[in-house]
Amino acid sequence: MSSEKQPTKLWGGRFTGATDPLMDLYNASLPYDKAMYDADLTGTKVYTEGLNKIGLITAEELSEIHRGLEVIRKEWAAGEFVEKPGDEDIHTANERRLGEIIGTHISGKVHTGRSRNDQVATDMRIYVREKLGELVKFVGEFVKVIVTRAEQEIDVLMPGYTHLQRAQPIRWAHWLSMYATYFTEDFKRLKQIQARVNQSPLGAGALAGHPYGIDREFLAQGLGFDSVIGNSLTAVSDRDFVVETMFWCSLFMNHISRFSEDLIIYSTAEFGFIQCSDAYSTGSSLMPQKKNPDALELLRGKAGRVFGSLSGFLMSIKSIPSTYNKDMQEDKEPLFDALRTVEHSVLIATGVISTLKINKEKMEAALTMDMLATDLADYLVRKGVPFRETHHISGECVRAAEEQKLSGIDQLTLEQFQGIDKRFGEDVKDIFDFEASVERRDAIGGTAKKAVLAQLKNLAAQVNQ
Ligand code: ARG
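Going by UniProt numbering, the sequence shown opens with residue 1, and the numbers climb by one from there.
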């Protein structure tokens, strides 16, 4: 019964009728699970091959079924599939249509021994596996773009921050390499999840297993799964792969959000380190001078939406009894939304980072001599003074420069340095060079040119696997 036919009943005595039209709408997942039409048809194709293998479907019936499934596939692809009332979800819609094409005397056999419970779990895993495959490509490309940019701009220095306070000079490429490292870990994590997703629930039946001895290994192989889920109850009830995928999406968006926040700060007039390209900015409807980093703000904002998908679905399933319960249908919308959001976000972030302009002069002008106070302490360490002592001595130099209203510690004379500590020598002036400071940090992972280049090379190699 369609809701269009009985609009009054929808809001009227809706609890009295045998079929509540609102319940039809409430129950239906077709509006969103049709995204999995291809996986569903493929699942049925291989499942019926399995049925043929155990003698429950003849070769002729199988070829009719395959023909019908192809017709349906084309209809969906062309946007010509006609949805009908009673099509509760993609599984029932496809089966109903198959009956119309090849006759229900044959289509009525395809569900033998199968349940929508193992069917939906199969479809979801196929769908997620494909989406993760696309993300692997996109995230790999994103890392490569960051790495290439970093290699090209290896000579640019900027302040590194802790607590958003200037801390020590670093290379801009080192900052880029930091995020490339996060995203490379995301790339690797994605591949680990792919392996866990790619297990077959098909042939588990509603929950208890298959009564006709279907060859589950055969089904798994036919569908490109790496293995069979070893317990039929787990096979139909497990949505950990959905949770894990949304967790991946959340963690990735967390990295994207921090990356965006840094760039938003760097793009302010106060910093002026970078400028987003016009392709990823918009103006203000009121203030003509404004150029806003909208893409970065959306990337930061959409992280919240993805976290919500994860936590919402965890709430939905946290107390459901074993095995399948309709609560589990709530897996789809948040998952699809999270995947779509992440896919768009990685592409936008790639666009932003490949087109933004840096202002090298502004970055380097933001370096101040006080950022070399640690280097000054290290200078005395190299002369054998314990670091705790040199830290204190360097602090005194900073204070002396401040008290004398000098522009920086480099303006203290040798006599003044020696007045604070006799072990300062003529060569102390060599400390006050940002490039030299950066180049001293040449251990693995550091900001020296060779260390950063090694990181970049390593990252590129990891995403090329
Ligand atoms: N549309 C359902 C879902 O997405 C399919 C499984 C229905 N199973 C059932 N026993 N009602 O979860």
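Even glycine gets a Cβ: it sits at the ideal position worked out from N, Cα and C.
Report yes if the C-beta of residue i is less than 7 Å from at least one heavy atom of the ligand ARG; otherwise report no.
| i | result |
| --- | --- |
| His111 | no |
| Arg116 | yes |
| Lys326 | yes |
| Asp33 | yes |
| Asp240 | no |
| Val243 | no |
| Val120 | yes |
| Ser237 | no |
| Ser29 | yes |
| Asp89 | yes |
| Gln329 | yes |
| Lys332 | yes |
Between the C-alpha atoms of residue i and residue j, what's the straight-line distance to the nearest angstrom?
| i | j | result |
| --- | --- | --- |
| Ala373 | Cys276 | 33 Å |
| Gln416 | Leu376 | 14 Å |
| Asn464 | Phe424 | 49 Å |
| Tyr266 | Gly272 | 6 Å |
| Tyr37 | Glu217 | 23 Å |
| Leu135 | Asn254 | 16 Å |
| Ala220 | Thr42 | 12 Å |
| Leu356 | Phe307 | 28 Å |
| Lys433 | Lys144 | Checking the sequence shown, residue 433 turns out to be Asp, not Lys. If I take the Cα positions, the gap works out to 31 Å. |
| Ser437 | Ser354 | 28 Å |
| Asp442 | Thr350 | 29 Å |
| Ile146 | Glu64 | 51 Å |
| Val452 | Ser177 | 7 Å |
| Pro7 | Gly140 | With a pLDDT of 43 at Pro7, under the threshold of 50, the modelled position of this residue cannot be trusted; read the value that follows with caution. Taking the straight line from one Cα to the other gives about 51 Å. |
| Trp11 | Ala28 | Because the pLDDT at Trp11 is just 43, under 50, the model does not fix this residue reliably, and the value given afterwards should be weighed accordingly. Whole-angstrom Cα-Cα distance: 18 Å. |
| Glu426 | Tyr379 | 12 Å |
| Ile256 | Asp186 | 11 Å |
| Arg14 | Asp327 | Residue confidence is low: Arg14 scores 48 on pLDDT, short of 50, so the model does not pin down where it sits. Its coordinate-derived value is still stated next. Between Arg14 and Asp327, the C-alpha separation is close to 22 Å. |
| Lys9 | Pro21 | Its pLDDT being 40, under 50, Lys9 is placed unreliably by the model, and nothing is read from it. |
| Ala461 | Pro293 | 32 Å |
| Asp226 | Val197 | 9 Å |
| Thr44 | Val110 | 7 Å |
| Arg258 | Thr234 | 37 Å |
| Cys249 | Met369 | 41 Å |
| Ser311 | Arg305 | 10 Å |
| Thr19 | Gln119 | 26 Å |
| Tyr47 | Phe336 | 25 Å |
| Ser3 | Asp87 | Low confidence applies to Ser3: its pLDDT is 42, below 50, so where it sits in the model is not reliable, and the reading given next is rough at best. About 13 Å. |
| Gly230 | Tyr179 | 39 Å |
| Arg96 | Glu49 | 19 Å |
On a CA-only basis, which of the options is nearest residue i? Give me that one, please.
| i | options | result |
| --- | --- | --- |
| Leu314 | Glu75, Thr447, Met246, Ser260 | Met246 |
| Ala206 | Leu286, Thr112, Glu297 | Thr112 |
| Leu367 | Ala349, Ser407, Ile444 | Ser407 |
| Trp76 | His66, Ile274, Ala235, Ile90 | Ile90 |
| Ile320 | Val242, Ser237, Asp430 | Ser237 |
| Met23 | Glu141, Asn359, Pro85, Ile126 | Pro85 |
| Arg440 | Ile274, Arg171, Ile358 | Arg171 |
| Ala173 | His105, Ala461, Lys457 | Lys457 |
| Glu70 | Ile102, Leu56, Ala59, Thr92 | Ile102 |
| Gly419 | Thr268, Met371, Cys397 | Cys397 |
| Val346 | Gly230, Phe142, Val242 | Phe142 |
| Lys429 | Phe138, Gly445, Gln411, Thr162 | Gln411 |
| Ile154 | Asp240, Trp175, Ala93, Glu80 | Trp175 |
| Met363 | Glu330, Arg149, Glu270, Thr341 | Glu270 |
| Asp421 | Ala400, Lys405, Gln404 | Ala400 |
| Tyr26 | Leu299, Leu339, Ala295, Gln329 | Gln329 |
| Leu299 | Ser322, Gly209, Glu343 | Glu343 |
Got a sec, what are the start and stop residues for the alpha helix (DSSP H) residue i sits in?
| i | result |
| --- | --- |
| Gln165 | Segment 165-171 is the beta strand (DSSP E) holding Gln165; no alpha helix (DSSP H) there. |
| Gly113 | That residue, Gly113, is in no alpha helix (DSSP H); it is neither H nor E in DSSP. |
| Met369 | Element bounds for Met369: n/a, residue is neither H nor E. |
| Gln404 | Counting along the chain, Gln404 falls outside any alpha helix (DSSP H), and DSSP gives it neither H nor E. |
| Gln416 | 414-420 |
| Ala65 | A quick correction: the sequence has Ile, not Ala, at residue 65. Per DSSP, Ile65 belongs to the alpha helix (DSSP H) from 59-77. |
| Arg305 | 294-317 |
| Glu95 | 90-102 |
| Pro21 | 21-27 |
| Arg216 | 216-222 |
| Ile353 | 332-355 |
| Tyr47 | 37-53 |
| Glu435 | 434-440 |
| Gln462 | 449-463 |
How far does the beta strand (DSSP E) with residue i in it reach, from first residue to last?
| i | result |
| --- | --- |
| Tyr266 | Element bounds for Tyr266: not the beta strand (DSSP E) but the alpha helix (DSSP H), 240-266. |
| Met158 | 157-162 |
Is residue i close to chain C, meaning its C-beta is less than 8 Å from at least one C-beta of that chain?
| i | result |
| --- | --- |
| Leu223 | In the displayed structure, chain C is absent; only one protein chain is listed. |
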